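There are 2 protein chains.
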Amino acid sequence: MMLHPLDAAIALEPAGEHCWRGRTSADWANFIGPYGGITAAQMLQAVLLHPQRLGDPVAFTVNFAAAVADGEFTVEARPARTNRSTQHWTVQMLQDGQAVTTGTVMTALRRPTWAATEAVMPQVPAPSEVVREKFRGVRWIERYDRRYLEGDVPRSWEGQDSGSSRTRSWVRDAPDRPLDFASLTAIADNFFPRIWLRRATQVPLGTVTLTVYYHAGAALLQSTGTGYVLCQAQGQGFRDGYLDQSGQLWNEAGDLLATTHQLMYYKE
Amino acid sequence: MMLHPLDAAIALEPAGEHCWRGRTSADWANFIGPYGGITAAQMLQAVLLHPQRLGDPVAFTVNFAAAVADGEFTVEARPARTNRSTQHWTVQMLQDGQAVTTGTVMTALRRPTWAATEAVMPQVPAPSEVVREKFRGVRWIERYDRRYLEGDVPRSWEGQDSGSSRTRSWVRDAPDRPLDFASLTAIADNFFPRIWLRRATQVPLGTVTLTVYYHAGAALLQSTGTGYVLCQAQGQGFRDGYLDQSGQLWNEAGDLLATTHQLMYYKE
C-alpha cells in the first residue's frame, strides 16, 4: 500500500534524544526546495511524535532561515517548559549541522469553555459548485484540490494593480486525506504570494515566518474528515521588502479551525 | 537624571556570551508578575544590544511559558542563522535556570521597494479630541496615555455579551518618549483581554504567545517621535480555553507601523 504523499513526507525516524531524521519529498517540490507548508508540517510532526508531549498544538511559529536543500534533514524538538496543562517547545530543522528553520510550538490540554467566533465564515458557494483550479507549475500545487472563490492566480501578468490581495478558496488534500494537525498546518501556507495577486507581477520572494493558532482540537479535526477547508488570506502591509498576511481557515460546517499569519520577503 | 521607566526596565548588562542580566521593574507590575509587553521588550532588547546583530527587527514571537517572578532574570539571544541581509535569532528568558519565555526574532537590512497598505487606518478623531482614560488597577496601566475610541474597558461587569471585541485607542508612553522598536513592541501588548470586553466578566487569563511584524524601519519610528499610536485589535476565535486576536498599529500620519497577533489562555 502506498503512503499518502503527506504521510510519506512527514515520516520521521528517531535519531537520538529530541531528534528525528527525515528527507525532503519530490511530491512537495516548490520553485527552490520544498513547499514551506510541508517543512512546517515536518517540524510539527517531531513534536507530535515526541514521547514527552503533553496535549495538542495550540500555537506554532516557524521561521524559514535558509533554503531547505533536497535530501536529508534533522528536526530537533525540545520541551523548554512543561506546566500542568501546557507545554512549550523549541524546534529546529538542521542540514549539515546548520539551522535551516527555527521555531516554537505550544501544546496544551484543552477543556470546554464559553466559546464564540468573531471571524465568521463568509457566505460562499459550496465546493461542488466551484471549478477546481488546473494544475500549473511546481509539484506541490498538485497536492491540493483548490477551488477559488475570489482572488485567484492572475491570468495575465501585465502588472495591473488589483487593489486588493484577498483570496478565498476551498482547499483539501489531493488525494483526499482526513484532516489532522499536520495537514492543517501545511494547508495554512497554501496561499500564493499576496503581492503576485496585488501586482500581477511575479517578483522574487519567499515566506520568512509563519504562525498558526489552532482553534480546533483533535475531535473537531476528526469530524471535518476529508471535507474542504475554506481558506481566506489578505495582505496588510507591503513595505521595504516585507509584506504580511492574515488568514483564517474554516471547515464546511463553518467552524473556525485555525488562524494564521505570515511575513514574506519580496524584491523590487 | 532619572531614566524613563521603559529605559530603566530594558537596561540589561552583559552576562557572558549571548547572555544579558536584567531585573523586573515595579513600574511595570501587572496582576501577577510584570506586564507581558515589557517582558517582550526586554527580550527584544537583548537582540538589539547584541554585537553580532545584522539589521533591524522585522518579526518577533515570544511565548510566555511561565509566570515571571519579581527579581533578576537572564536573557539569552543567540544568532541561529546569519545570511547576507537577514538574521534569525532564538531568545529565551531564564529564572533559576528555567525558561520562563521562549521566542524567535528575525532581523534584516531593508531596502525601499514597491509599497502599499491594505490595513488602512480608520478615520477617527485626533488624540487631542479624545478623553484620556483614568488610571485604574495595576501599575503598568499608568505607563500609557491611552484614549479609547471604541471598545473601552467595561464600566459594569455584569456579564452582558457585547457581541464584538474590537478596540481602537490612541496610545503613547507616559511619560512620553520617542518611539523605537522596544517601545513599539511593548505597546503591541497593551490591549486589555478581548474576552473581558466581549463578556464583561473578568475571567482568569493570560497571554501565552505574541507575535509582532514590524512594517516600520528605524527612520519611520524616529519620524513618529512622541506622537500617539492608533492601536486596533479584535478577537477572531474563542474556544476551549484559548482565544486569539489580530491587531494593527499606525502612527498619527496613518503609516502602518506594525501588525500583531496573540493567543491568550482563559478559564471558564
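Heads up: the protein sequence lines correspond to chains G and Y, in order.
For the first sequence, the working numbering begins at 64 and goes up steadily by one.
For the second sequence, the working numbering begins at 64 and goes up steadily by one.
Glycine included, each C-beta is placed from N, C-alpha and C at the ideal position.
Bear in mind the structure is a predicted one, so any value in this text is a computation, not a measurement.
Beta-carbon contacts of residue i that lie in its chain and below 6 Å, excluding the five residues immediately before and after
i: L242(G); result: L284, T287
i: Y98(Y); result: W91, W203
i: Q325(G); result: T270, L273, Q308
i: R173(Y); result: G280
i: T180(G); result: L319
Residue from the options whose Cα sits closest to the Cα of residue i
i: Q267(Y); options: H67(Y), V168(Y), C82(Y), I258(Y); result: Checking the sequence, you will find Pro at residue 267(Y) rather than Gln. Selected option, being the one with the closest Cα: I258(Y).
i: E315(Y); options: P238(Y), S232(Y), T137(Y); result: S232(Y)
i: S88(Y); options: C82(Y), H81(Y), A74(Y); result: A74(Y)
i: G332(Y); options: M64(Y), L326(Y), R302(Y), C294(Y); result: Beyond the ends of chain Y as shown, which are 64 and 331, falls residue 332(Y); an answer cannot be given.
i: G298(G); options: Y305(Y), Y276(Y), T289(Y); result: Y276(Y)
i: T270(Y); options: A296(Y), G290(Y), Y305(Y); result: Y305(Y)
i: Y329(G); options: L320(G), P256(G), L273(G); result: P256(G)
i: A182(Y); options: L326(G), S309(G), Q325(G), L320(G); result: S309(G)
i: L319(Y); options: L312(G), D303(G), L320(G); result: D303(G)
i: S194(Y); options: T124(Y), Q186(Y), P185(Y), R210(Y); result: Here the sequence assigns Val to residue 194(Y), which means Ser is not the residue at that position. Ranking T124(Y), Q186(Y), P185(Y), R210(Y) by Cα distance to V194(Y) puts R210(Y) first.
i: R199(G); options: M184(G), P185(G), D215(G); result: D215(G)
i: A251(Y); options: G300(Y), K197(Y), Q311(Y), F301(Y); result: Q311(Y)
i: F123(G); options: W152(G), A143(G), R147(G); result: W152(G)
i: F301(G); options: P175(Y), F254(Y), Q186(Y), L112(Y); result: P175(Y)
i: A143(G); options: W313(Y), L112(Y), G160(Y); result: G160(Y)
i: M184(G); options: L66(G), A296(G), M65(G); result: A296(G)
Local Cβ density within 10 Å of residue i, reported as buried at 16 or more and exposed below that
i: D239(G); result: exposed
i: E331(G); result: exposed
i: P114(Y); result: exposed
i: A282(Y); result: exposed
i: T322(G); result: buried
i: T170(Y); result: buried
i: Q265(Y); result: exposed
i: M106(G); result: buried
i: I127(Y); result: Here residue 127(Y) is Phe; the residue named in the question, Ile, does not match the sequence. That one is buried.
i: W220(Y); result: exposed
i: T149(Y); result: buried
i: P120(Y); result: buried
i: G222(Y); result: exposed
Contact set for residue i: own chain, Cβ-Cβ below 8 Å, skip 5 residues either direction
i: A237(G); result: E205, R206, Y207, D208
i: P217(Y); result: S225, W259, L260, A263
i: A361(Y); result: The first residue shown for chain Y is 64 and the last is 331, placing residue 361(Y) beyond what the model contains.
i: V131(Y); result: T87, G96, P97, T102, M156, Q158, V163, T164
Close Cβ partners of residue i (< 7 Å) along its chain, the five nearest in sequence each way excluded
i: A109(G); result: L75, W83, V138, A140, V154
i: F94(G); result: V201
i: T145(G); result: L117
i: E213(G); result: R229, T230, R231
i: Y291(Y); result: P190, W233, V234, R235, E315
heavy atom of the ligand GDP below 7 Å from residue i C-beta
i: I258(Y); result: This structure simply doesn't include the ligand GDP, nor any ligand for that matter.
| If you pair each beta-carbon of the region 188-200 of chain G with each one of the region 149-169 of chain G, do three or more pairs fall below 8 Å? | The answer is no - the region 149-169 of chain G does not touch the region 188-200 of chain G, with fewer than three Cβ pairs under 8 Å.
| task | With a floor of 3 residues, list each beta strand (DSSP E) that falls wholly inside the region 97-164 of chain Y, ordered by position along the chain. | result | If we require 3 residues or more, the beta strand (DSSP E) runs fully inside the region 97-164 of chain Y come out as 119-127, 135-145, 149-158.
| query | Between the region 75-95 of chain G and the region 126-138 of chain G, do at least 3 Cβ pairs fall closer than 8 Å? | reply | Judged by Cβ distances under 8 Å, the region 75-95 of chain G makes contact with the region 126-138 of chain G, as three or more pairs qualify.
| Residue ranges of each alpha helix (DSSP H) run of no fewer than 4 residues wholly in the region 184-244 of chain G, ordered along the chain? | If we require 4 residues or more, the region 184-244 of chain G turns out to have no alpha helix (DSSP H) run fully inside it.
| Any alpha helix (DSSP H) of 4 or more consecutive residues that is wholly inside the region 266-308 of chain G | List check, alpha helix (DSSP H) in window: 281-287.
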